[in-house]
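Engineer: In my numbering, the protein residues as written are 173 to 1294.
The beta-carbon is built from N, C-alpha and C at its ideal position, and this holds for glycine as well.
Pasting a structure below so you can have a look.
Here is the structure:
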């Protein structure tokens, strides 16, 4: 039987092989009938009698093995088939020659190439001897198949025990590629059984070492089965649909998502719409992006391997699809083939096992039955994917859970997970956890090697999505243009799911309501979405027409149930629901399945372990919309305010009582503003949006005929504006502007926009509401806030508090000389420690921060999220105590440059900072401490005061100097000054003789029309051209003061300054090295910022003064002492 050694396992003589594999012959080669050469031809063949394949009545006795002393089978023999008499002495059957082999069976082919089943039949008219001969032939054939199978499997087992068994896996994979599903199962079952037999014989042979090795190595043989099953599970997806629609191949529709590296698991429990608004702005610097297949590959410069990765992203951003693509690529042998096993799990299915106990091995066997042959996983490279940490209902107590290191020890799933994540259990495993940002803190930062974030669609990807969805170029252009005009919609489209919702709505509106205005607000968009889904249900499931009323009693009931579920679960903070949750809301589980089948784009039904049903809305915003609709309809229809403990019992009274209607919205506003993290922000926008008449008309049919009082909206908008005047956080104020937008009230925003465009923004008298409007406009504008200068808008502490979100999105913030105190440092510290902060450079010079303020800033610098590179604290009244706080923060901060000039660090402060600079962990490159001393501890800019001397050789002939040359008056009489080349011969101006260096400050009292200026010495003195006039060329800068107001000029460009009042005293501050020139008006010893020039002084500059050509005689100015 030597020929068997070269026969492939897939090439047996008959399909009745033990391993169940098909022949390798083609259809043309397959035998039609099985017959022996010694039988008569077809014409004389008697009718066959069948050998039963279901009973063992016709089975002969099994083969027995006689063991030698060393445990190896000595001979292969058969019992006497005749069954008569005692067992005769065995005759050995040679395994090396084929002389004892009976003639082989021949096959007769059918038309389709299959083996004729009659080949196993026994003619009924045959004698017992002929029957015995027939059985002998069959069993000889069976023996041939078994020996072939055994020899081939033993070869593979031997290969698997070699150090490199990857070739064995590849051989097995290629071997199974030609088999269909049933044959694969049969072959795998045969191999599994044979492996057990082999292990048994090796144990008898006392080869325990080989047994252990074989059991470990052979476990990998289940990998192809796992890959095949995972491929089948993840190769198809549904866009926004759970049960309906046609499946789409994931590889065909997958688009690379924008994944960035960074962060360490900061708690961010803000409403996700707020987070989207933050991330919608362009990044201030190139970010490290990652492809999903490289999620465990260390980036350049990172030390050590990456074993645990957390990926954050808001709901609907694509986290689950990301993990599915990773798994599919692995299963299809496209990526990460160094990984032996990938186990994708969801917290949804793990929640079901909350009350059960498993060992890690048992848990894997339960969830992935293909791996039941594996007893341990230490020798394999394993990846566990845990998707949806935000949906976890397990305690995950990392501090109190017992330590577990044995993969075979049983415990709760919670303890298994915490030990796996901590690295106590199977430390060689890699882990990938996905979560929404609010739940990221459930995993301790030290358990995560790398934090990543899915950002969703960029602006270009949004446009690409809509162009793919709408093939008509003109239609696509209109939709893209419309979305860009509505900033709220444009921001929400960072989420792929919202892009799909928007496309669904706009496609329907353009098709069925040609010429109608497209939805602009979120409320309009979601009402349209609900209507579209209801119409689809009527047509697809109810057999109705598109023109039929869509608010049928059945649909109303369905929306009522979904709304109640949405609201009650939103209050509990639940985003996924189990059968018990639905039962609590009075929803029958069968009805819920109907909802998920009808409103497939709204309500998703999934299945976890044991086929338990899990429900959720397609996106958090859909749940919030339906929750708000439920609260609104309940109030309209029954007079019950679900947001208030005081309920109205009589609907008629409520619907006619203006105060009750107003109270309904005011209670909603108050409740939303009480939320510390904005969890009701979007809910509030929807609730207010329902009150618009256009939106109510679309919902008519869902509520009673009585409508809200027409004055309610006006009362609500006034209440919102009143709230804006209170001390609200900037984020809450911004959401109130979104609420006004839903109510179609844009008065505040338009007012500020008009001020900004006209240059008439009164920076010193902006109300809190106007400051909030300013922040709203700046955040949602297309303008890139690379540099934000607070003095441009309002140099005050009140303005800073309202504009902190703007500062957080800026790369560079200039807050110098803005009258800030230590009170401002608390908010700035929060900005520095925020993971979403873009701030890299912060200038707080010339503010009275003092040591207490610097201590708060230092806490922000020490945060692992702080990425600030440059900090300027020059002239901030800092002593050795503040320096000690900064020195402590240096070792853990990213600071490269620190400016502490014009402070008083003292000897101890200098020593602490010098020691910090020498610390090897300090990144600081530049430290400025000079000038320093106690003279700089005077508050404000007056500490930089300089005395000047007017240069009479530059004075115009009609300028009269008096008061010891400190006052100048414009007069009609020529003063008969001697000729001098430096004298202005036509322009009524003069310069000082003192050139400026460092920082200088001076004050001037004026009357009439006066120019307070700064100029290079080289300005022209002769003639009447612009080259001679302050502010009309590139060699000078000027502030014009008059009773009509202020304006600044440079290089012949004039800018009017809006100020609430005029003061006859102005101040000038110059920082020559920094290139800044600032003008202020002085009121009751308080400096009110007028304008700042930011430039680079290339030469020495000199103070200058002048009068306008149309100035009346008597106009004057005086240099003041301070």
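#1: Pull the bridge partners of residue 1225 from the DSSP assignment, please.
#2: Do residue 1292 and residue 1119 have their beta-carbon atoms positioned less than 8 Å apart in this structure?
#3: State the start and end residues of the unbroken alpha helix (DSSP H) segment that holds residue 483.
#4: If we count the other Cβ atoms within 10 Å of its Cβ and call it buried at 16 or more, is residue 807 buried or exposed?
#5: Go ahead and pull the three-state DSSP assignment for residue 1071.
#6: List the residues that DSSP assigns as beta-bridge partners of residue 1277.
#7: For residue 1147, count neighbouring C-beta atoms within 10 Å of its own C-beta (all shown protein chains included) and say buried if the count is 16 or more, exposed if not.
#8: Could you compute how far the alpha carbon of residue 1088 sits from the alpha carbon of residue 988?
#9: In its own chain, which residues sit with a C-beta less than 8 Å from the C-beta of residue 543, not counting the 5 before and 5 after it?
#10: Identify every run of the beta strand (DSSP E) within the stretch 1235-1266, keeping only runs that are complete inside it and at least 3 residues long; order them along the chain.
#11: On a Cα-Cα basis, can you pick out the residue from 1085, 1104, 1107 and 1106 that is closest to residue 1097?
#12: Do residue 739 and residue 805 have their beta-carbon atoms positioned less than 8 Å apart in this structure?
#13: For residue 216 and residue 314, what's the separation of their Cα atoms in angstroms?
#14: How do the stretch 788-797 and the stretch 743-763 stand: do at least 3 beta-carbon pairs fall below 8 Å, yes or no?
#15: Suppose the cutoff is 6 Å on Cβ atoms and the five residues either side in sequence are ignored; what does the same chain contact list for residue 735 look like?
#16: Per DSSP, what kind of secondary structure is residue 1174 in: helix, strand or coil?
#17: Let me confirm a value: residue 275 is counted as buried when at least 16 other C-beta atoms fall within 10 Å, else exposed. Which label applies?
#18: Report yes if the C-beta distance between residue 1273 and residue 1173 is below 8 Å; otherwise report no.
#19: Could you check the C-alpha separation between residue 377 and residue 531 for me, to the nearest Å?
#20: In terms of residues, what are the limits of the beta strand (DSSP E) holding residue 623?
#21: Can you tell me the Cα-Cα spacing of residue 1025 and residue 966, whole angstroms?
#22: What does the alpha-carbon distance come out to for the pair residue 743 and residue 912?
#23: Looking only at DSSP bridge pairs, what is residue 518 linked to?
#24: Put residue 1141 into one of helix, strand or coil per three-state DSSP.
#25: Output the distance between the C-alpha atoms of residue 944 and residue 915, rounded to the nearest integer angstrom.
#26: For residue 270, name the three-state secondary structure that DSSP assigns.
#27: What ranges does the beta strand (DSSP E) occupy inside the stretch 501-545, keeping only unbroken runs of at least 3 residues that lie completely in it?
#28: Could you check what DSSP says for residue 723 in three-state terms: helix, strand or coil?
#29: On the DSSP letters alone, give me the boundaries of the beta strand (DSSP E) that residue 604 sits inside.
#30: Along the beta strand (DSSP E) that carries residue 959, what are the first and last residues, could you check?
#31: What first and last residue would you give for the alpha helix (DSSP H) that runs through residue 995?
#32: For residue 1058 versus residue 1100, is the C-beta spacing smaller than 8 Å?
#33: If you draw a straight line from the C-alpha of residue 892 to the C-alpha of residue 946, how long is it?
#34: Do you know whose CA, among 1238, 1192, 1195 and 1197, lies nearest residue 1212's CA?
#35: Could you pull out every residue in the same chain whose Cβ sits closer than 7 Å to the Cβ of residue 568, ignoring the five residues on either side in sequence?
Structural biologist: Reading from the atomic positions:
#1: Start at 1 with the first residue of the chain shown, and residue 1225 comes out as number 1053. Paired residue(s): 1222.
#2: As a first step, residue 1119 must be located in the chain shown, where it is residue number 947. As a first step, residue 1292 must be located in the chain shown, where it is residue number 1120. Against a cut-off of 8 Å, the Cβ pair of residue 1292 and residue 1119 comes out as no contact.
#3: Your numbering for residue 483 matches position 311 in the chain shown. Element bounds for residue 483: not the alpha helix (DSSP H) but the beta strand (DSSP E), 480-484.
#4: Within the chain shown, the letter at position 635 stands for residue 807. Looking at its Cβ environment, which holds 16 or more other Cβ atoms inside 10 Å, residue 807 is buried.
#5: Position 899 of the chain shown holds residue 1071. Residue 1071 falls in the strand class under three-state DSSP.
#6: Numbered from 1 along the chain shown, position 1105 holds the residue referred to as residue 1277. The partner list for residue 1277 (beta bridge, DSSP) reads 1162 and 1184.
#7: Here residue 1147 is taken as the residue at index 975 of the chain shown, counted from 1. Answer is exposed; the Cβ neighbour count stays below 16.
#8: Numbered from 1 along the chain shown, position 916 holds the residue referred to as residue 1088. Numbered from 1 along the chain shown, position 816 holds the residue referred to as residue 988. Approximately 26 Å between the Cα atoms of the pair.
#9: In the chain shown, residue 543 corresponds to position 371, counting from 1. Excluding residues within five positions, the ones whose Cβ falls inside 8 Å are 391, 394, 398, 513, 536 and 537.
#10: Positions of the beta strand (DSSP E) runs, each at least 3 residues long and wholly inside the stretch 1235-1266, are given as 1237-1243, 1248-1255 and 1258-1266 in order along the chain.
#11: Within the chain shown, the letter at position 925 stands for residue 1097. Of the candidates 1085, 1104, 1107 and 1106, the one whose C-alpha sits nearest the C-alpha of residue 1097 is 1085.
#12: Indexing the chain shown from 1 puts residue 805 at position 633. Indexing the chain shown from 1 puts residue 739 at position 567. Against a cut-off of 8 Å, the Cβ pair of residue 739 and residue 805 comes out as no contact.
#13: Numbered from its first residue, the chain shown carries residue 216 at position 44. Numbered from its first residue, the chain shown carries residue 314 at position 142. At residue 216, the pLDDT of 39 sits below 50, so the modelled position is not reliable; the number obtained from the coordinates is stated separately. Rounded to whole angstroms, residue 216 to residue 314 spans 26 Å at the Cα level.
#14: yes
#15: For this step, residue 735 is matched to residue 563 along the chain shown. If we look at residue 735 and ignore the five residues flanking it on each side, its Cβ neighbours are 798, 801 and 802.
#16: Taking the chain shown and counting its residues from 1, the one referred to as residue 1174 is at position 1002. In this structure, residue 1174 counts as strand in the three-state DSSP scheme.
#17: The count along the chain shown starts at 1 and reaches residue 275 at position 103. At residue 275, the pLDDT of 45 sits below 50, so the modelled position is not reliable; the number obtained from the coordinates is stated separately. Residue 275 comes out exposed.
#18: Walking along the chain shown from the start, residue 1273 turns up at place 1101. Walking along the chain shown from the start, residue 1173 turns up at place 1001. For residue 1273 and residue 1173, no; Cβs fall outside 8 Å.
#19: Taking the chain shown and counting its residues from 1, the one referred to as residue 377 is at position 205. Taking the chain shown and counting its residues from 1, the one referred to as residue 531 is at position 359. Looking at the two C-alpha atoms, the distance is approximately 32 Å.
#20: One-based indexing of the chain shown puts residue 623 at position 451. From DSSP, the beta strand (DSSP E) with residue 623 extends over 622-626.
#21: Here residue 1025 is taken as the residue at index 853 of the chain shown, counted from 1. Here residue 966 is taken as the residue at index 794 of the chain shown, counted from 1. Distance between the alpha carbons of residue 1025 and residue 966 is about 21 Å.
#22: On the chain shown, residue 743 is found 571 positions in, with the first residue counted as 1. On the chain shown, residue 912 is found 740 positions in, with the first residue counted as 1. Taking the straight line joining both Cα atoms gives about 24 Å.
#23: For the purposes of this step, residue 518 is taken as residue 346 along the chain shown, with counting starting at 1. Answer is 559.
#24: Residue 1141 sits at position 969 when you count from the first residue of the chain shown. Residue 1141 falls in the strand class under three-state DSSP.
#25: By 1-based counting over the chain shown, the position of residue 944 is 772. By 1-based counting over the chain shown, the position of residue 915 is 743. Here the alpha carbon of residue 944 sits roughly 18 Å from the alpha carbon of residue 915.
#26: Position 98 of the chain shown holds residue 270. For residue 270, the predicted model reports a pLDDT of 43, less than 50, meaning its position is unreliable; a value from the coordinates is still stated below. The answer is coil: DSSP assigns residue 270 none of H, G, I, E or B.
#27: 513-518
#28: Along the chain shown, one-based indexing puts residue 723 at 551. Residue 723: coil per DSSP, three-state reduction.
#29: On the chain shown, position 432 is the one that residue 604 refers to. From DSSP, the beta strand (DSSP E) with residue 604 extends over 602-607.
#30: On the chain shown, position 787 is the one that residue 959 refers to. Looking at the DSSP string, the run of the beta strand (DSSP E) that includes residue 959 is 959-961.
#31: Reading the chain shown from its first residue, position 823 is the one you call residue 995. That run of the alpha helix (DSSP H) goes 994-1004.
#32: Numbered from its first residue, the chain shown carries residue 1058 at position 886. Numbered from its first residue, the chain shown carries residue 1100 at position 928. No.
#33: Counting from one through the chain shown, the residue named residue 892 turns up at place 720. Counting from one through the chain shown, the residue named residue 946 turns up at place 774. Roughly 16 Å between the two C-alpha positions.
#34: Numbered from its first residue, the chain shown carries residue 1212 at position 1040. Cα-wise, what sits closest to residue 1212 is 1238.
#35: Taking the first residue of the chain shown as position 1, residue 568 is located at position 396. Listed in chain order, the non-local C-beta contacts of residue 568 below 7 Å within the same chain comprise 586, 589, 590 and 614, local neighbours out to five positions each way being set aside.
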